[in-house]
Structures are given as C-alpha cells and as structure tokens.
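Protein chains in written order, with this note's numbering: chain U, 1 to 480; chain X, 1 to 321. Since the structure comes first, as structure tokens, the remarks are kept for the end.
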Amino acid sequence: MTFDGYDTDGLYDEMFLPEGTPRPEARPLVERIDALPEGELIRLHQAAERALLNTGITFTVYGDDQGTERIFPFDIVPRIVPGAAWDPFERGLRQRIEALNLFLDDVYHDQRIVRDGVVPRSVVESSQGFRPQCVGLDPPGGVWCHITGTDLVRHRDGTVYVLEDNLRCPSGVSYVLENRAVMQETFPAVFEGLRVRPVNDYPSRLLTMLEEVAPQAAARPSVAVLTPGVYNSAYFEHSFLAQQMGVELVEGRDLTVANDRLQMRTTRGLQPIDVLYRRIDDDFLDPTCFRSDSLLGVPGIMELYQRGRVALVNAPGTGVADDKVVYAYVPDMIRYYLDQDAILPNVPTWLCWRDADRRYVLDHLPELVVKSANEAGGYGMLVGPESTEAQRTEFAARIEAAPRNYIAQPTLSLSRVPTRVDRRFEGRHVDLRPYILYGREIYVLPGGLTRVALRKGTLVVNSSQGGGSKDTWVLAPSAS
Amino acid sequence: MLSRVAESIYWMSRYIERAENVARVVGVNNRLRLDLPEQAAEQWDPMVQVSGDEPAFRARYDRPTRTSVIRFLAFDPLNPNSIVSCVTRARENARSVREVISSEMWEEVNRFYLFLSAPGARDRALANAHAFFQEIRRSSHLIEGTRNETMEHGEGWHFGEIGRQIERADQTTRILDLKYYLLLPAAADVGAPIDDLQWGALLRSASAMEAYRRAHGRIAAAAVAGFLLLDREFPRSVHHCTTAAQSSLHAVTGTPFRRFVNPAERSLGRLVAELDYTDVTDVIRAGLHGFLDSLQDRLNDIGDEITRTFFAPPVAPGGRG
Numbered sequence: 001m002t003f004d005g006y007d008t009d010g011l012y013d014e015m016f017l018p019e020g021t022p023r024p025e026a027r028p029l030v031e032r033i034d035a036l037p038e039g040e041l042i043r044l045h046q047a048a049e050r051a052l053l054n055t056g057i058t059f060t061v062y063g064d065d066q067g068t069e070r071i072f073p074f075d076i077v078p079r080i081v082p083g084a085a086w087d088p089f090e091r092g093l094r095q096r097i098e099a100l101n102l103f104l105d106d107v108y109h110d111q112r113i114v115r116d117g118v119v120p121r122s123v124v125e126s127s128q129g130f131r132p133q134c135v136g137l138d139p140p141g142g143v144w145c146h147i148t149g150t151d152l153v154r155h156r157d158g159t160v161y162v163l164e165d166n167l168r169c170p171s172g173v174s175y176v177l178e179n180r181a182v183m184q185e186t187f188p189a190v191f192e193g194l195r196v197r198p199v200n201d202y203p204s205r206l207l208t209m210l211e212e213v214a215p216q217a218a219a220r221p222s223v224a225v226l227t228p229g230v231y232n233s234a235y236f237e238h239s240f241l242a243q244q245m246g247v248e249l250v251e252g253r254d255l256t257v258a259n260d261r262l263q264m265r266t267t268r269g270l271q272p273i274d275v276l277y278r279r280i281d282d283d284f285l286d287p288t289c290f291r292s293d294s295l296l297g298v299p300g301i302m303e304l305y306q307r308g309r310v311a312l313v314n315a316p317g318t319g320v321a322d323d324k325v326v327y328a329y330v331p332d333m334i335r336y337y338l339d340q341d342a343i344l345p346n347v348p349t350w351l352c353w354r355d356a357d358r359r360y361v362l363d364h365l366p367e368l369v370v371k372s373a374n375e376a377g378g379y380g381m382l383v384g385p386e387s388t389e390a391q392r393t394e395f396a397a398r399i400e401a402a403p404r405n406y407i408a409q410p411t412l413s414l415s416r417v418p419t420r421v422d423r424r425f426e427g428r429h430v431d432l433r434p435y436i437l438y439g440r441e442i443y444v445l446p447g448g449l450t451r452v453a454l455r456k457g458t459l460v461v462n463s464s465q466g467g468g469s470k471d472t473w474v475l476a477p478s479a480s
Numbered sequence: 001m002l003s004r005v006a007e008s009i010y011w012m013s014r015y016i017e018r019a020e021n022v023a024r025v026v027g028v029n030n031r032l033r034l035d036l037p038e039q040a041a042e043q044w045d046p047m048v049q050v051s052g053d054e055p056a057f058r059a060r061y062d063r064p065t066r067t068s069v070i071r072f073l074a075f076d077p078l079n080p081n082s083i084v085s086c087v088t089r090a091r092e093n094a095r096s097v098r099e100v101i102s103s104e105m106w107e108e109v110n111r112f113y114l115f116l117s118a119p120g121a122r123d124r125a126l127a128n129a130h131a132f133f134q135e136i137r138r139s140s141h142l143i144e145g146t147r148n149e150t151m152e153h154g155e156g157w158h159f160g161e162i163g164r165q166i167e168r169a170d171q172t173t174r175i176l177d178l179k180y181y182l183l184l185p186a187a188a189d190v191g192a193p194i195d196d197l198q199w200g201a202l203l204r205s206a207s208a209m210e211a212y213r214r215a216h217g218r219i220a221a222a223a224v225a226g227f228l229l230l231d232r233e234f235p236r237s238v239h240h241c242t243t244a245a246q247s248s249l250h251a252v253t254g255t256p257f258r259r260f261v262n263p264a265e266r267s268l269g270r271l272v273a274e275l276d277y278t279d280v281t282d283v284i285r286a287g288l289h290g291f292l293d294s295l296q297d298r299l300n301d302i303g304d305e306i307t308r309t310f311f312a313p314p315v316a317p318g319g320r321g
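Structure below.
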C-alpha cells in the first residue's frame with residue numbers, strides 16, 4: 001500500500017501539501033512507506049498492535065460490566081512537526097502555563113485579577129473546580145499546576161489554536177512513550193535519518209520535578225504515585241509511570257496519616273512519603289475535607305498538606321483553571337500577569353452566561369460546537385454540523401437552564417494526517433496534547449499525544465469516543 | 001515493600017503454580033489413556049476428588065467424563081481453582097503490581113492469560129489435550145524463569161517464592177493422593193503392570209520420573225511416596241518446597257534459622273523440622289492418605305499465618321485470597 005492517490009480533500013493535511021506532494025519534512029517517511037513490499041505495512045501495523053496487547057497497554061471501557069480492556073487504537077502513520085514549527089508551540093505553552101499558574105496563586109490569595117475587573121468574580125466562584133478549602137494555600141515554590149496537558153488544534157487555514165487546558169490529572173503521556181517505543185522498533189531506519197527529538201526522558205524529568213517540589217529538604221525525597229486502583233481506565237499509565245520512575249504505586253488503602261507525616265503501610269511497618277503524585281480528583285482526595293463518601297483518598301491528608309508536611313501534585317484546586325469559561329479569559333490573564341500578547345491564540349469562544357453571546361449561540365447551533373464547562377473526555381458536547389434537530393433542541397434547553405455551564409465555539413475544520421484504513425490511506429482529523437512540567441522551571445515535552453478521530457469525517461478525537469493515537473515526531477531544528 | 005504489593009506478588013505466584021498443577025493432574029490421565037490396556041476405562045473421578053472441589057463439581061455437572069472434567073478444571077470461570085480462574089486472578093494481581101515485577105514477567109503473565117482466553121482455546125484443549133496442557137506447564141515455567149532471571153531477588157521475589165513453594169508443596173500432595181483414588185481393576189493388581197503404570201503416570205506428571213529412576217530404579221509404592229514427600233534434591237518434593245519457602249521467609253524477616261519471631265516462622269519451621277526427621281515407613285504405617293490430608297491442613301494454616309503476619313490489615317473486599 002502506498003500514498004499514490006491519497007487525497008487531502010482540500011483540507012489542511014499535516015503530511016501533504018494541497019497539490020498532493022509530501023511536505024519536505026515528511027518526504028523520507030513517505031518514500032520509505034511507498035518502498036515497502038505489498039502487505040508489509042499491514043504486517044508491521046499488526047505486529048505493533050500485538051506488541052501493545054501483549055504489554056497490556058490497554059484502557060478499560062466504562063459502562064461495560066465485564067471490565068473489558070481494549071488497546072488504545074494506534075495508527076502507524078506518525079504526525080511530523082518540523083523543528084521550526086515547534087518553536088512557537090513551545091514558547092506559547094510556557095507563556096500560557098506561567099500565566100495560568102499565576103492565576104491559580106492569585107485566585108486562592110488576593111484575587112487581584114478579580115478586583116481589577118479582568119475576570120468576573122462570579123465566573124471564578126461558580127466554577128466547579130474552585131475549592132474554597134484551598135484559599136490561602138502556599139504550595140512549595142508557588143507551583144500549582146505541575147503537570148498540564150494542553151490540547152492544540154490546527155484549523156484549515158493553518159492557524160494553531162489552544163482548544164483547552166487540562167490542569168487536574170491529564171492522562172495519555174504513557175501512550176506517547178509506548179507509541180514511540182513501538183515506532184522505533186517498526187521503522188528503525190527512518191528514525192536514523194530524521195533526528196526525531198526524544199521523549200524517553202519524560203519519566204526522569206517527571207521524577208526530577210517531583211523531587212524538586214518536596215516540602216522538606218531530603219537527600220532523596222520519598223515519592224509515590226496514588227492511583228484509584230486497577231479498575232481505573234488510566235491504571236496502566238499510573239503503573240507505567242511509577243515503574244519508569246522507580247517509585248511506589250500506592251492506593252488510598254495503603255496510606256495513613258501518622259506521626260505528622262503521610263505514611264504507607266509496608267511489610268516492615270509505616271514509611272513516610274514526601275511527595276504524592278496523585279492521580280485521583282480533588283473530590284476524592286480527603287474525605288474529611290472534600291467528598292465524605294470517598295474511599296479512594298486518605299483522611300487527614302489535606303491538613304498535612306496545608307501545614308507543608310507533604311506535597312501534592314498537582315495542587316488541589318487547579319480545576320478552576322480548566323473550566324471552559326475560565327479558559328476564555330486566558331489571553332487576558334497573559335496580558336494581565338505577563339504584559340504580553342498570547343503567542344498561541346484561543347479558539348473564539350461565546351460564553352452563554354452573557355446574554356448577547358447566548359442569543360447568538362442559540363441562533364447558530366447548527367454551525368457551533370457547544371461544550372459543557374466542566375466535563376472532559378468528549379462528554380456533554382454538541383457538534384453542531386454533526387447533530388440532529390432533536391439534539392439541538394435538547395442542548396438549547398440545557399443552555400437556557402444553566403447558561404453558566406455552557407460555552408460555544410465555531411466548528412473548526414481540524415487538520416488531518418494520513419491514517420491507515422484497511423488497505424489504503426485516508427485523511428483523519430487530529431489534535432495534539434503536549435505535556436508541560438513545572439517544577440523549578442517549565443519544561444515542554446517535544447511532541448505529545450496526537451489523537452486521531454478514526455471514524456471518517458468525525459471531529460471528536462477522545463478515546464472514549466472512538467479515537468486513536470499516533471506517534472508525534474518533532475524534528476530537531478537543523479534537520480528541518 | 002507495601003503490604004498490598006507483597007500480598008499481590010505472593011498470590012500471583014500461588015495462582016500460576018496452581019494453574020500449572022491442575023495441568024499436571026489432568027496430565028496423569030492424558031498419559032494413562034495412551035498406556036492403559038483397552039479394558040481399563042479412563043477414571044476421571046479422582047481428578048475432581050483431589051482438587052478439593054468435588055461438591056462444586058457435583059452441583060453443576062452430571063458425572064465426571066473427560067469433557068466435563070477438563071471443562072471444570074481448566075475452563076470453568078465459576079470454579080475458583082480452574083486454570084482460567086487462577087490465571088485470570090494471577091494476572092489481576094500482576095496488573096496491580098506491574099510496576100514492581102519486571103516488564104518481561106508481566107508480559108509473560110499477560111501472554112498466558114491471552115493464550116487461555118483466545119477464542120477456541122477450549123476446543124483445542126479437548127482436541128489435543130496433551131499439547132494443550134503441556135503449553136500450560138510451559139507458560140508457567142516461562143513465568144517462573146522470567147521471575148528468576150529478570151526480577152531483583154529482594155523482598156518481592158521472596159514473597160513470590162514463599163507463595164510458589166507453599167502452593168507447590170500442597171499440589172504435590174494432591175498429585176500423590178491421586179493414587180489413593182485411582183482404582184485398580186482387581187485387588188490382585190497391586191504390584192501388577194497396571195499399578196506400575198499408574199505410579200509411573202503420577203511421577204511423570206510431577207516431572208519426577210527420571211529423577212526417581214536415578215534414585216530408586218524400580219517403581220515401588222513406598223519409594224514413590226518417599227520420593228515425592230521427602231527427597232532432599234527433587235524440586236517438587238514437599239521437603240524441598242517447604243525448605244525453600246522457609247529460606248525465603250527468613251530472608252524477608254532476617255530471623256536466624258531455628259529461631260522464630262512470628263507464628264508463620266514457627267509453624268513452617270516445625271513442619272520442616274518434622275519432615276527432616278520423618279522416614280517414609282512412618283508415613284506408610286500411619287496411612288499415606290491421612291498423612292497427605294494433615295499436610296494440606298498445615299500448609300493452609302501456614303498460609304493464613306503469613307497473611308496475618310505480613311499482609312494485615314486484610315485487603316478490601318474484592319481482594320485476592
């Protein structure tokens with residue numbers, strides 16, 4: 001199978017120019033694939049999928065009481081980003097994370113940005129992610145959002161927009177690392193020719209960051225990853241990251257508070273933990289502080305945290321910054337805190353709590369994407385052009401009932417990447433989630449998770465909605 | 001090491017070993033049917049009887065036949081000790097500690113599970129039982145070898161070793177006990193070729209035939225029992241297994257040998273000391289079947305004491321035992 005006859009359909013294609021020739025950075029890969037014997041690419045793809053299944057790189061499908069595991073569908077054609085194109089992504093993300101972190105510190109302290117009228121108080125305090133329990137907290141080093149996954153999309157005109165920020169427990173980075181491992185085994189020769197920037201140092205950078213935010217000076221701070229358990233859909237990732245960092249993977253039932261420290265139960269008694277990379281939501285962290293019915297967390301951990309006896313990563317309360325209404329104010333935050341213009345633009349956003357915006361949204365539902373302000377994973381979303389009359393009526397009612405909870409954006413025509421569909425390549429829409437670490441300084445992983453909407457024509461890339469993933473190759477600057 | 005993690009490694013190893021030994025028990029018949037004179041019918045009751053799950057079998061199956069017993073012992077998800085159940089739980093345990101065991105080891109456990117859950121696995125087992133159960137044993141050995149060669153021999157490995165060896169000791173008593181249930185066509189057949197064939201099938205199923213021949217030559221009931229219970233060098237003998245479990249237990253605690261600081265060390269130490277000074281003629285005089293029963297009880301108690309000593313407080317519902 002070759003790229004002969006591949007059609008960009010006049011859309012923005014990450015690999016091919018509109019006239020059908022490969023972009024310069026993609027040429028070596030296109031030539032390599034075109035030169036493979038018939039059937040070889042399919043064989044390589046199947047071998048890669050088998051490797052993923054055998055290593056158990058699977059996620060659990062919710063709403064299926066068998067606890068069925070599936071591999072996260074993986075496409076063999078990578079997305080390639082030339083070095084020069086990556087540079088503004090990286091600068092833009094640093095700028096954005098710096099501003100978001102300043103915003104978090106501000107809303108839980110003086111709220112200057114509210115008092116100066118840049119972000120309305122009602123927007124902040126009505127956000128589901130706003131935690132009054134966090135007011136006055138001083139996380140080590142002033143860092144709140146240690147790990148962020150920010151979703152980027154490219155529109156058909158070539159502009160790259162920030163679609164949303166995930167500042168709570170962004171997942172997916174393990175797929176980035178495993179996809180790369182599989183691709184390096186599959187196309188070793190192409191890697192040698194292209195100088196793809198490595199992602200394999202992510203676990204060591206993550207560990208370094210976690211050690212940097214330890215509250216007490218210790219020669220080797222004790223770090224642990226907190227998971228809800230094997231039935232969580234991201235369990236593989238929790239376990240993978242703990243393994244790659246060489247730290248304990250703990251569940252709530254392994255932990256207790258004793259002697260003024262967070263402790264884990266071991267075969268030799270209790271042992272203290274300095275830094276907890278928690279992969280459970282704020283709500284479940286501490287039944288004495290947040291949801292009292294949580295069995296996943298540790299009673300008393302928030303009190304320890306408030307007194308600087310343990311570090312939590314990310315800090316509790318960061319959810320206020322990935323509220324989709326708060327998102328609309330990020331360019332204003334960048335201007336307010338950093339006195340700069342945003343390098344990466346937001347998608348234009350209508351906020352339904354504003355009367356004029358809401359009227360516009362209700363009048364234009366068939367052409368807009370409507371999102372619930374606090375849901376992730378592609379749930380609670382209306383894609384206007386793909387919707388039915390009944391769905392639009394339902395959403396209009398929901399918006400009228402709770403305008404604060406909805407935003408709308410124009411339907412972007414996401415860029416596409418060739419994707420294997422049986423015995424040929426077809427363009428499929430993609431987004432990109434780079435991961436950003438914030439310890440002593442900000443680090444942006446070159447690349448990230450390229451998610452691909454495998455169903456023809458659809459724009460929703462979430463794995464819970466039939467999405468898959470691709471390896472993302474950011475090339476070293478001199479090579480492009 | 002986290003108590004939960006130690007417990008998961010312990011159970012993972014026990015379940016893999018249990019799955020292997022179910023394959024060994026079924027393997028006895030797979031051998032006998034090739035060797036036996038035509039008039040001697042295949043006996044499937046003993047396979048169910050030694051499993052300890054006879055009531056569960058009777059409740060849901062008609063009578064023990066080749067098909068029903070293989071289905072029950074290998075594939076029945078409602079039988080908690082079927083091969084499929086054991087490997088599924090071993091994998092669940094492995095999944096919950098995959099950051100502690102080596103990646104290679106997890107992959108072998110996962111591969112074992114995928115092999116068993118592949119479509120058509122049951123049909124293949126019935127069509128070619130010998131090859132299928134060989135594959136079960138081979139998978140278990142691969143996991144065991146991978147564990148030994150890729151995981152650091154620290155606390156986690158030792159907990160795996162304790163689980164594996166205690167389970168193996170228990171299972172060896174069950175393989176030996178099969179002979180108690182396997183019927184001879186007539187009383188006069190004791191010591192006859194068919195008796196020999198049955199003992200031989202047991203030895204082969206315990207991978208003990210060649211080692212036995214080198215040590216004792218001709219097959220004799222007391223010598224076979226002595227070999228599988230008390231041999232100092234054969235790695236599946238009860239003596240060997242309990243001694244290995246004891247070494248690992250003391251490696252975990254650091255307690256010197258012949259001392260104890262917890263009930264698990266005490267019970268296991270007593271059992272090993274008794275086996276040290278037991279002669280097979282004592283066993284035969286007291287009655288082999290009764291001796292095996294009491295061994296199984298004591299191994300059970302040791303398992304409970306290990307749980308109380310190292311894994312308490314007990315795991316949440318849906319846990320691993």
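Note that the Cβ used here is the ideal one computed from N, Cα and C, for glycine as well.
By the 10 Å Cβ neighbour count, where 16 or more other Cβ atoms means buried, how is residue i classified, buried or exposed?
| i | result |
| --- | --- |
| residue 12 of chain U | buried |
| residue 556 of chain U | Any property of residue 556 of chain U remains undetermined from this structure, which presents chain U solely from 1 to 480. |
| residue 323 of chain U | buried |
| residue 279 of chain U | buried |
| residue 257 of chain X | exposed |
| residue 46 of chain U | exposed |
| residue 384 of chain U | buried |
| residue 5 of chain X | buried |
Just reading off the alpha helix (DSSP H) that residue i is part of, what are its end residues?
| i | result |
| --- | --- |
| residue 327 of chain U | 324-327 |
| residue 245 of chain U | 235-245 |
| residue 193 of chain X | 193-205 |
| residue 99 of chain U | 83-107 |
| residue 179 of chain X | 155-181 |
DSSP three-state label for residue i, please.
| i | result |
| --- | --- |
| residue 467 of chain U | strand |
| residue 472 of chain U | strand |
| residue 191 of chain U | helix |
| residue 14 of chain U | coil |
| residue 317 of chain U | coil |
| residue 185 of chain U | helix |
| residue 135 of chain U | coil |
| residue 79 of chain U | strand |
| residue 44 of chain X | coil |
Note down, in chain order, each residue of its chain lying with its Cβ closer than 8 angstroms to the Cβ of residue i, except the 5 sequence neighbours on either side.
| i | result |
| --- | --- |
| residue 10 of chain U | 18 |
| residue 116 of chain U | 336 |
| residue 232 of chain X | 239, 240 |
If you check the beta carbons only, do residue i and residue j fall under 7 angstroms apart?
| i | j | result |
| --- | --- | --- |
| residue 472 of chain U | residue 448 of chain U | yes |
| residue 123 of chain U | residue 361 of chain U | no |
| residue 264 of chain U | residue 255 of chain U | yes |
| residue 205 of chain X | residue 24 of chain X | yes |
| residue 461 of chain U | residue 422 of chain U | no |
Grab the span of the beta strand (DSSP E) containing residue i for me, first residue to last.
| i | result |
| --- | --- |
| residue 429 of chain U | 424-433 |
| residue 420 of chain U | 416-421 |
| residue 166 of chain U | 160-166 |
| residue 147 of chain U | 147-154 |
| residue 273 of chain U | 269-273 |
Residues in the same chain with beta-carbon distance under 7 angstroms from residue i, minus the five sequence neighbours each way, listed in chain order, please.
| i | result |
| --- | --- |
| residue 297 of chain U | 252, 280, 284, 285, 286, 287 |
| residue 444 of chain U | 90, 93, 94, 434, 436 |
| residue 264 of chain X | 249, 302, 305, 306, 309 |
| residue 71 of chain U | 49, 52, 53, 57, 58 |
| residue 268 of chain X | 242, 245, 246, 249, 302 |
| residue 128 of chain X | none |
Might you give, ordered along the chain, the residues of its own chain that have their beta carbon closer than 6 angstroms to the beta carbon of residue i, omitting 5 neighbours on each side?
| i | result |
| --- | --- |
| residue 167 of chain U | 145, 148, 318, 321, 322 |
| residue 174 of chain U | 237, 240 |
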